[in-house]
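Notes follow once the structure below has been shown.
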Amino acid sequence: MTDEMNTSMGLFKKYLVNNKIFRNREILRHSYRPQTLPHRTPQIDSIAAVLAPSLHNETPSNILIYGKTGTGKTASVRYVGAELENAGGHLNTTCRVVHLNCEVIDTQYRVLAQIAKLVENVDAMSSDRTRTHIPMTGWPTDQVYAELKNILENSGGVLVIILDEIDKLVKKSGDETLYNLTRINSDLERSKVCIIGISNDLRFTDFLDPRVLSSLSEEEIVFPPYNAPQLVDILKQRADEAFVPGALHEGVIPLCAALAAQEHGDARRALDLLRVSGELADRESADAVTEKHVRWAQEKIETDSMVECISTLPTQSKVVLYAMLLLHRINQKIFTSGEVMRLYREVTRELSLETLTHRRVTDLISELNMLGVISTRVISRGRYGRTKEISFDVTTDRIWDVIMKDPRLVEHNISRFNEEQAGKLFR
DNA sequence: TATCCACAGGAAACTTCGGCGG
DNA sequence: CCGCCGAAGTTTCCTGTGGATA
């Protein structure tokens, strides 16, 4: 296409005329909340039953909700929360629901501050009472706690606190936050607090103080993974609105459902697959989405998330990964943490970067393992010690591509590569 | 069969940083 | 401006350990 054509047609025109696939793509994003949540009626009813007393200004039981990612936990709780606030409005009782994600807000201080802020935001709509501003950092924690109590006492009513990904909070900062929050009711006179914890990890209660656990899990609700037919229903519900009629081959939805069900019964994954399949079909101006697009989408999602997470890695982690790539290139498909450490030290010295200690590097290696970039296992070689065996489980090409976006490492790699070539010539 | 390598990984202290009240 | 606070990253110190070798 020539420049002239581009200007006359508009650079984006070709993307606009082709709407053979999508009618409304937003519906396939996980942030979109459909009116009904298929196959979650029992769970929704249970939550509603537990929360119902708050409409009579009574304290509801705390709830602990378990289930893996993409099983509809957050969507269901949000749905019930919205309905509760709605019903409270009709009955003239104050029911407020605040929702916070503990993966982002993961310390006692920030949890308390965020709850206070959210409660004030809700209240600000009805009254213009002066607002206290709790800074995001700086105060002693007990002062924030006291301030939160003040705010709650002033507004009264029932407050439902939804702690999403509560397991992350416990793992990062212990159960002190939860202990304080579950105890807050005994310090309050004019208002009541109910906590709904949402956890991805079934075993996270191991880390909890028994008192906290018994208080928090007065009610427990489990969200099982979706099976393939259920995922088909979920996808169909959204696909009808999201896609142009007839733009999906018959096998597409069952395939997306089957692939996602194989993984973890994850609705989020299924929706991503369907959306990306559509985007791929759209991009190549196909008339319809076929099974082939779904397979592509499956691959694309995997490599994209890998590229994303590697490129956002801190410099030190990149250098560690780079050292591992170098080892891999000189035909060591499996190597030990000690070898990585020696090479890492060499590289940081040559780049005049600070060299982290062994202890820290083992943590960085573990992080890389958790991200799925490498796989590690601890093995014992008897007399020759105990170590961590490291290997790449996929091709390293794409990892090289991402790592080579760092200019310092590119330069280092070139000189290192030349040395290796020279070494080969002499051999 | 006791030894002992070469690490793993827990605990806690330490460093650095930015925000904030006084 | 100072000193205090928490957060994040790092260091220091430490204990634990599977199994080939003497």
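Counting along the first sequence from 1, when you hit position 277 you're at 277 in full-length UniProt numbering, and nothing is skipped either side.
All C-beta atoms in this analysis are idealised placements derived from N, C-alpha and C, irrespective of residue type, glycine included.
Inter-residue Cα distance where the pair is residue i and residue j
i	j	result
THR205	GLN143	28 Å
LEU208	TYR109	19 Å
ASN19	ASP282	8 Å
ILE221	LYS333	45 Å
ASP128	SER155	At ASP128 the pLDDT is 47, less than 50, meaning the model places this residue with poor confidence and gives no usable figure here.
ARG29	ASP240	14 Å
ASP401	PRO407	12 Å
LEU152	SER191	6 Å
THR130	VAL193	Interpretation of THR130 is limited by its pLDDT of 49, a score under 50 that renders its predicted location unreliable; the figure taken from the coordinates is listed afterwards. The alpha-carbon atoms of THR130 and VAL193 are separated by roughly 22 Å.
ILE63	CYS256	33 Å
SER380	GLN421	34 Å
ARG40	HIS293	29 Å
LYS68	ASN418	48 Å
ARG386	LEU356	21 Å
GLN35	GLU284	32 Å
ILE330	GLN262	36 Å
ASN227	ARG383	49 Å
TRP296	GLU302	10 Å
THR107	LEU231	35 Å
THR74	LEU202	16 Å
ASN200	ARG33	20 Å
In DSSP terms, what residue i is bridged to
i	result
ARG295	BP columns for ARG295 are empty, so no partner.
THR222	Checking the displayed sequence, the identity of residue 222 turns out to be Val instead of Thr. Beta-bridge pairing links VAL222 to TYR66.
SER214	Paired residues: none, contrary to the question.
LEU84	In DSSP, LEU84 forms no bridge with anything.
ASN413	ASN413 pairs with nothing; no bridge assigned.
ILE198	ILE65
ASN24	Answer is none; ASN24 lacks a bridge partner.
CYS95	VAL158
ASP164	ASN101
THR376	ILE390
ILE334	SER391
PHE243	PHE22
LEU248	VAL289
LYS192	VAL158
Beta-carbon gap between residue i and residue j smaller than 8 Å
i	j	result
ARG398	MET306	yes
LEU273	VAL319	no
ASN24	ALA242	yes
GLU165	GLU103	yes
ASN121	TYR145	no
ASP266	ALA260	yes
ILE195	THR177	no
ASN150	THR59	no
LEU100	ILE115	yes
residue 428	ALA288	Nothing can be reported for residue 428, as the shown portion of the chain is limited to 1 through 427.
LEU321	ILE198	no
ILE365	PHE223	no
LEU351	GLU339	no
SER311	LYS405	yes
GLY10	THR93	no
GLY70	ARG268	yes
LEU51	LEU84	yes
Supposed contact pair residue j and residue i - C-beta distance, whole angstroms, cut 8 Å
i	j	result
LEU55	GLY88	6 Å
LEU159	VAL98	7 Å
ILE414	PHE335	Contact doesn't hold; Cβ gap of about 22 Å is too wide.
HIS264	PRO225	6 Å
PHE12	VAL244	The pair is not a contact, with the Cβ atoms about 20 Å apart (cut-off 8 Å).
ALA270	LEU216	That pair is no contact at about 31 Å.
LEU38	ASP175	Here the sequence assigns Pro to residue 38, which means Leu is not the residue at that position. The pair is not a contact, with the Cβ atoms about 35 Å apart (cut-off 8 Å).
ILE27	ARG238	5 Å
ALA188	VAL111	Reading off the sequence, residue 188 comes out as Leu, not Ala. 17 Å between Cβ atoms; not a contact.
heavy atom of the ligand ADP below 7 Å from residue i C-beta
i	result
LEU169	In the structure shown, the ligand ADP is absent, as is every other ligand, since no ligand is present at all.
When the Cβ atoms of the region 368-377 are set against those of the region 273-281, are three or more pairs found closer than 8 Å? The region 368-377 makes no contact with the region 273-281, as fewer than three CB pairs between them are under 8 Å.
Given 8 Å, three or more beta-carbon pairs between the region 41-57 and the region 69-88: Verdict: yes, contact present.
When you compare the region 336-344 with the region 354-364, are there three or more beta-carbon pairs, one atom per stretch, that lie closer than 8 Å? Judged by Cβ distances under 8 Å, the region 336-344 makes contact with the region 354-364, as three or more pairs qualify.
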